[in-house]
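Q: For what it's worth, my numbering labels the leading residue of the sequence shown as 211, then goes sequentially. Virtual Cβ for every residue (Gly too), placed ideally from N, Cα, C. The following block contains the structure, expressed as structure tokens.
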Amino acid sequence: MSRTPILQRALLVPALAALVSAAMYAGACGHSHDHDHDHGDTSSGTSSGPNLDDVIYEGGATDEALIALLAAEPKDEPSQGTAFDAPEDGATLPGDAAPELTFHVAGAAQRTAPRAAPAPRSAGAGPGAREAGAAGASLWAEVGALLGPVRAAQAHGTPINGRAYFLVFSTAEREGLLRVFTTKLSYTPDAAAWEKLRAAGAPITVSVLNAVFENNRIVQGGGPFTGEPVSFSVAP
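Right, here's the structure in full:
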């Protein structure tokens, strides 16, 4: 390789890195501003949006999707609602270990978010095109290596594409004792969450609201759907 391409590469990579970094920083700042607007000023107690500070997120669930779910009107469609497999309704659970709660969507044909179509392959791509593509990929790989830490600034994770579930544990005295948003069909409380349920000292009812998402937005006809709640007690 001649010295000219090497020099061009040495100058181009830092320039691209600076340009992309500036764009990502500006986007992150704008996204942060929008996020603050969505949630409102919770520190003053005058939040314009739902207070989600206590929600536990699992399976890649995001707060943007949860905000969309809570803003929509729930639908009572038994075939799209959830039913619990465990625990059984009215069960008394031993308090020494947190159980795994499992549930399923009642209908056999579950709705799913549309999948993105694969990128088309160019029929006329010859060896020269492949070499150029490899060189470009290598160049961007170098830029990516320089910008690795910046990518961690994406605060809200990958958007949800598919079904997600909002579990709400309540007692007669306290609604929303524990809240969980997950993409999984099961939930096992960690030590802190299980202690909160154990300390309730009363029967607990858990309900599930689910919806089908595409890029954190509920798809048309995708819910949210209410499920069948189940009640249980925790032995001392």
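1. Compute the distance between the beta-carbons of residue 292 and residue 369, then report whether it is under 8 Å.
2. Given this structure, state the Cα-to-Cα distance separating residue 434 from residue 305, to the nearest angstrom.
3. Taking the beta carbon of residue 380 as the centre, do at least 16 other beta carbons fall within 10 Å, making it buried, or is it exposed?
4. Going along the chain, which residues of its own chain have a beta-carbon closer than 7 Å to the beta-carbon of residue 287, five neighbours each way excluded?
5. Confirm, please, whether the CB-CB distance from residue 388 to residue 406 is below 8 Å.
6. When the Cα atoms are used, what is the spatial distance from residue 386 to residue 442?
7. If residue 393 sits next to residue 270, beta carbons under 8 Å apart, how far is it from one beta carbon to the other, in whole angstroms?
8. Tell me whether residue 408 sits in a helix, a strand or coil according to DSSP, three-state version.
9. Determine the DSSP secondary structure at residue 421, reduced to helix, strand or coil.
10. From residue 373 to residue 313, what does the alpha carbon distance come to, in whole angstroms?
11. Please identify the residue among 426, 413, 421 whose C-alpha is closest to the C-alpha of residue 395.
12. Pick from 284, 444, 289, 290: whose alpha carbon is nearest that of residue 413?
13. Consult DSSP for residue 370 and reduce its assignment to one of helix, strand or coil.
14. Could you compute how far the alpha carbon of residue 278 sits from the alpha carbon of residue 303?
15. If you drop the 5 nearest sequence neighbours on each side, which residues of the same chain put their C-beta closer than 7 Å to that of residue 317?
A: Looking at the coordinates:
1. When the beta-carbon positions are compared, residue 292 and residue 369 stay at least 8 Å from each other.
2. 32 Å
3. Counting other Cβ atoms within 10 Å of its Cβ, residue 380 reaches 16 or more and is therefore classed as buried.
4. 435
5. yes
6. 15 Å
7. The distance from the Cβ of residue 393 to that of residue 270 is about 6 Å, consistent with a contact at the 8 Å cut-off.
8. Reduced to three states, the DSSP call for residue 408 is helix.
9. strand
10. In a straight line, the C-alpha of residue 373 is about 13 Å away from that of residue 313.
11. Closest in C-alpha terms to residue 395, from the list 426, 413, 421, comes 421.
12. 444
13. coil
14. Straight-line spacing of the CA atoms in residue 278 and residue 303 works out to 33 Å.
15. Cβ within range, chain order: 289, 290.
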